[in-house]
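What follows is a set of notes on a single structure, which appears directly below.
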Amino acid sequence: MEQDIDLIDALLKRAKDRRRLDLPSDFPKKPISAYNIFLSKVIKNGSLLEYDSKDRFVQAARIWKGLDPAKKEKFFKKYRLAVEKHDVQMEEFKAAHPELNIRPTPKSKRKLDAKTVRNEQQPSTSHPSTSKHVDLHEASFQCFALAKQDKYAEKYNLRGEDLMKKLRRKFDRMSADKQQKWHDFVTKENCIDCPMTSIKRDGAA
665 MEQDIDLIDA
675 LLKRAKDRRR
685 LDLPSDFPKK
695 PISAYNIFLS
705 KVIKNGSLLE
715 YDSKDRFVQA
725 ARIWKGLDPA
735 KKEKFFKKYR
745 LAVEKHDVQM
755 EEFKAAHPEL
765 NIRPTPKSKR
775 KLDAKTVRNE
785 QQPSTSHPST
795 SKHVDLHEAS
805 FQCFALAKQD
815 KYAEKYNLRG
825 EDLMKKLRRK
835 FDRMSADKQQ
845 KWHDFVTKEN
855 CIDCPMTSIK
865 RDGAA
């Protein structure tokens, strides 16, 4: 598993973001965090549409923190299964692309241990550097979707999965510079977490 993470790091260091990297089409996508899985569900059911866009990030984090442990565990289970699937996909990718011949520097073994779970359960205190296994591109999309869902729902009269698909197409077609603004938003320090970090405290935009 640690070799998989090293391979990803070695590949991603070749460019600033996934879109500019021009990776093979079968390069496995990183799994999203348990919080991101939860956030995706919140976006789909539209339960935060009553709040304005900046308050949604705060409310989503509060709901996550107060979620019943049994319900929260369901999201962690989905995350762990996604990690296991990703590990298998990475092995298949390496076998299919021996020409990459990447020999990364050995790192400490990555485990889904109790400490990892605790970090995932505290989105407001986690730091991007502790979440390298989470896809920054996907985290940025989740923040974009949460902020823009009401605008697109009203403009195109869409809900649920159809709305998510529309938001996804819009985000994926953005220029690299516009996507970078959302990446910066996600990784900005001193913020309430949306999925890794997000909106400034005290309601600042």
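This note's numbering puts the first residue of the sequence shown at 665, with every later residue one more than the last. Yeah, the Cβ is synthetic: ideal placement off N, Cα and C, and Gly gets one too.
Please state if the CB of residue j and the CB of residue i are separated by a distance shorter than 8 Å.
i, j, result
"A803", "Y743", "no"
"R837", "G710", "no"
"I825", "K708", "Strictly speaking, residue 825 in this sequence is Glu, with Ile absent from that position. Going by C-beta atoms, E825 is nearer than 8 Å to K708."
"L827", "Q843", "no"
"S717", "A811", "yes"
With distances taken from CA atoms, which of the options is nearest residue i?
i, options, result
"Q806", "F721, Q753, G730, F739", "F721"
"H761", "R832, K842, F849, P692", "P692"
"A725", "S689, F702, Q813, A817", "F702"
"P688", "M754, M828, Y715, K819", "M754"
With 16 other CB atoms within 10 Å as the buried threshold, where does residue i fall?
i, result
"A809", "buried"
"K705", "exposed"
"D857", "A caution first: D857 carries a pLDDT of 43, below 50, which makes its placement in the model unreliable, though a value can still be read off. D857 should be labelled buried."
"N700", "buried"
"K736", "buried"
"L712", "buried"
"T789", "Because the pLDDT at T789 is just 39, under 50, the model does not fix this residue reliably, and the value given afterwards should be weighed accordingly. Exposed."
On the premise that residue j lies in contact with residue i, defined as a C-beta separation below 8 Å, what is that separation, rounded to the nearest angstrom?
i, j, result
"L800", "Y816", "22 Å between Cβ atoms; not a contact."
"V752", "P695", "That pair is no contact at about 12 Å."
"D690", "F757", "6 Å"
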